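Residue numbers (this note's numbering), protein chains in the order written: chain E, 193 to 417; chain Z, 193 to 417. Where is the CB? At the ideal position from N, CA and C, for every residue including glycine. Since the model is a prediction, treat every value here as computed from it, not as a measurement. First comes the structure, then the notes that go with it.
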DNA sequence: CCAAAAGTGTTTAAACTACACCCATGA
DNA sequence: TCATGGGTGTAGTTTAAACACTTTTGG
């Protein structure tokens, strides 16, 4: 806590924040990766991250990073896990707190300052090995996302404001990796009372579908599945 | 990540680990607190913590801290959350990762080097205000404990190796803060197959009770309730 | 009129809840 | 023998899972 010493010499370390930004991309669950420009892992892909600035909170860093990369303002963000292994970055002692974020399909890999490249990769085909311990981070993030889908409404973060029930179901199926029964799904989801049917419909190639929106676009704990 | 700069000057911070050690004490859920010896919060109670040493991982720090405080070797430990608000410690920038631990009722507040005092407080009557942001930490830890009881066997960390079903049930009731039906509880718990009945019994003031132990004393995800 | 997605109920099985009595022991 | 906690089963209700046909539209 206060900088008094433990048994071993005390550490002054770099503190970083990395962001695992999920998005639905081409019918798959994708994450945003950037190509590392320098250091021991030059050329490998990694989750975008940034060192914490003086006076910045961890969440501010995550938000700042996301804005810079996607331009999107309103993303869901939650702290995930902190990685502090002494050798995770061979150049310096860097303790990194991972956040996970959700962005709607549309505008994801906007621009990537500070990085050679940025791209969304399907989570099932990551360009391994990733830099640092970012594969652990990926596992951790996917686990969290899967489990949290079932008992919260955070899926709104992956969808546009208005969507059809089929689209919603598709997102669930993509992330959970299994087929869901349409009738049971609708019963359950509508039963939460978190969705509001609009009068407008989505017209496409076939029968028009009712559009819905989440009545509250903020994290809420409910049994969704 | 690598120590390249963000928009704001990069930060070299202290990294600490704090441990929220739960134990069952006098029929209540208790946590181990220590009295802060110096700094802006002198005299207040806080969760025990330590700065990370050179070459130490976060988990090592948590383990070291727990050993020093309790002498107990085999405690359940899990990373909880990281607190990095710039002003959480007015003396220095300290980013702290909280762990939560579970120790069996017996030997808890062993010895407290480096601290003026150490004591177990019931979670419902903490000596507020705690130092730093440790009240947030407490809330976070209790939430995690409650939810994790329901779908994992980590409760083993709060019990001695051998225990009766009534003792197990009592732990659940204390932590969840509500009464559980004895018959349903036994059905559910025995249905997990994680308990092994011993031939020995606990003899007390009344009818002897069958002793059980967890067949695996390692974290396992199962529907316990 | 055909293809494709939207929409809708019922039946069955499993899980959860509530509930009351007898048993074994120590004092 | 009495007080105390240990141990057991069932009925009613709720929740989850499986399942197929009709509707609406665009092409």
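Residue i to residue j, Cα distance in whole Å?
| i | j | result |
| --- | --- | --- |
| residue 234/E | residue 281/E | 12 Å |
| residue 209/Z | residue 251/Z | 8 Å |
| residue 289/E | residue 341/E | 22 Å |
| residue 197/Z | residue 269/E | Residue placement at residue 197/Z cannot be trusted, given a pLDDT of 39 that sits under 50; the coordinates are not used to answer. |
| residue 211/E | residue 333/Z | 23 Å |
| residue 242/Z | residue 257/Z | 7 Å |
| residue 193/Z | residue 245/Z | In this prediction, residue 193/Z has a pLDDT of 47, which is less than 50 and means its spatial position is unreliable; what the coordinates show is noted afterwards. Rounded to whole angstroms, residue 193/Z to residue 245/Z spans 20 Å at the Cα level. |
| residue 217/E | residue 297/E | 6 Å |
| residue 215/Z | residue 351/Z | 9 Å |
| residue 260/E | residue 331/E | 24 Å |
| residue 319/E | residue 401/Z | 56 Å |
| residue 369/E | residue 328/E | 20 Å |
| residue 325/Z | residue 317/Z | 17 Å |
| residue 412/E | residue 398/Z | 47 Å |
| residue 372/E | residue 378/E | 10 Å |
| residue 376/E | residue 222/Z | 43 Å |
| residue 230/E | residue 230/Z | 41 Å |
| residue 264/Z | residue 339/E | 32 Å |
I'd like the list of long-range same chain contacts for residue i, defined as Cβ closer than 8 Å, with 5 residues on each side in sequence excluded.
| i | result |
| --- | --- |
| residue 403/Z | 354, 355, 356, 389, 390, 392, 393, 394 |
| residue 291/Z | 209, 210, 211, 212, 250, 251, 254, 269, 270, 271, 272 |
| residue 409/Z | 266, 348, 353 |
| residue 203/Z | 285 |
| residue 384/E | 345, 414, 415, 416 |
| residue 274/Z | 287, 288, 289, 290 |
| residue 240/Z | 210, 211, 213, 224, 225, 226, 257, 261, 304, 307, 310 |
Helix, strand or coil for residue i? Go by DSSP, reduced to three states.
| i | result |
| --- | --- |
| residue 349/E | helix |
| residue 210/Z | strand |
| residue 329/Z | helix |
| residue 194/Z | Unreliable positioning characterises residue 194/Z in this predicted model, as indicated by a pLDDT of 41, which lies under 50. The coordinate reading is nonetheless provided below. Looking at residue 194/Z - three-state DSSP - the assignment turns out to be coil, as it is neither helix nor strand. |
| residue 383/E | helix |
| residue 203/Z | coil |
| residue 271/E | strand |
| residue 358/E | helix |
| residue 239/E | coil |
| residue 406/E | strand |
| residue 324/E | coil |
| residue 341/E | helix |
| residue 414/E | coil |
| residue 334/Z | helix |
| residue 265/E | coil |
| residue 234/Z | coil |
Considering only the alpha carbon of each residue, which of the options lies closest to residue i?
| i | options | result |
| --- | --- | --- |
| residue 311/E | 351/E, 203/E, 238/E | 238/E |
| residue 363/Z | 412/Z, 277/Z, 337/Z | 337/Z |
| residue 349/E | 267/E, 361/E, 334/E, 327/E | 267/E |
| residue 255/Z | 293/Z, 381/Z, 378/Z, 366/Z | 293/Z |
| residue 396/Z | 271/Z, 275/Z, 359/Z, 273/Z | 359/Z |
| residue 207/Z | 217/Z, 248/Z, 228/Z, 371/Z | 248/Z |
| residue 442/Z | 314/Z, 415/Z, 331/Z, 328/Z | The structure shown does not extend to residue 442/Z, since chain Z spans only 193 to 417, so no value can be given for it. |
| residue 380/E | 230/E, 415/E, 398/E | 415/E |
| residue 283/E | 335/E, 232/E, 325/E | 232/E |
| residue 226/Z | 373/Z, 375/Z, 309/Z | 309/Z |
| residue 278/Z | 205/Z, 339/Z, 361/Z, 230/Z | 205/Z |
Tell me which same chain residues have a C-beta within less than 6 Å of the C-beta of residue i, skipping the five on either side of it?
| i | result |
| --- | --- |
| residue 417/Z | 342 |
| residue 220/E | 314 |
| residue 276/Z | 287 |
| residue 335/Z | none |
Can you list, in chain order, the residues of its chain whose CB lies under 7 Å from that of residue i, leaving out five sequence neighbours each side?
| i | result |
| --- | --- |
| residue 406/E | 345, 348, 386, 387 |
| residue 236/E | 228, 321, 322, 323 |
| residue 361/Z | 372, 374, 377 |
| residue 382/Z | none |
Next item on the list: With 7 Å as the C-beta to C-beta threshold (strictly closer), list the residues of the stretch 259-279 of chain E near chain Z in chain order.
Entry: The residues in question are 271, 273, 274, 276, 277, 278.
Check: In chain order, what residues of the stretch 337-368 of chain E put their CB closer than 7 Å to some CB of chain Z?
Finding: Close to chain Z, meaning a Cβ-Cβ distance shorter than 7 Å, is no residue of the stretch 337-368 of chain E at all.
Note to self: Short of 7 Å Cβ to Cβ, which residues in the stretch 240-252 of chain E face chain Z?
What the structure shows: For the stretch 240-252 of chain E, the set of residues with a beta-carbon nearer than 7 Å to any beta-carbon of chain Z comprises 241, 242, 243, 244, 245, 246, 247, 248, 249, 250, in chain order.
Checklist line | Selection of the stretch 386-415 of chain E by Cβ proximity to chain Z, strictly under 9 Å | finding: So the list is empty, because no residue satisfies the distance condition.
Next item on the list: With 8 Å as the limit, tell me which residues of the stretch 278-294 of chain Z have their beta carbon closer than that to any beta carbon of chain E; keep them in chain order.
Entry: Against chain E - using a Cβ distance shorter than 8 Å - the residues of the stretch 278-294 of chain Z are 278, 281, 283, 284, 285, 286, 287, 288, 289.
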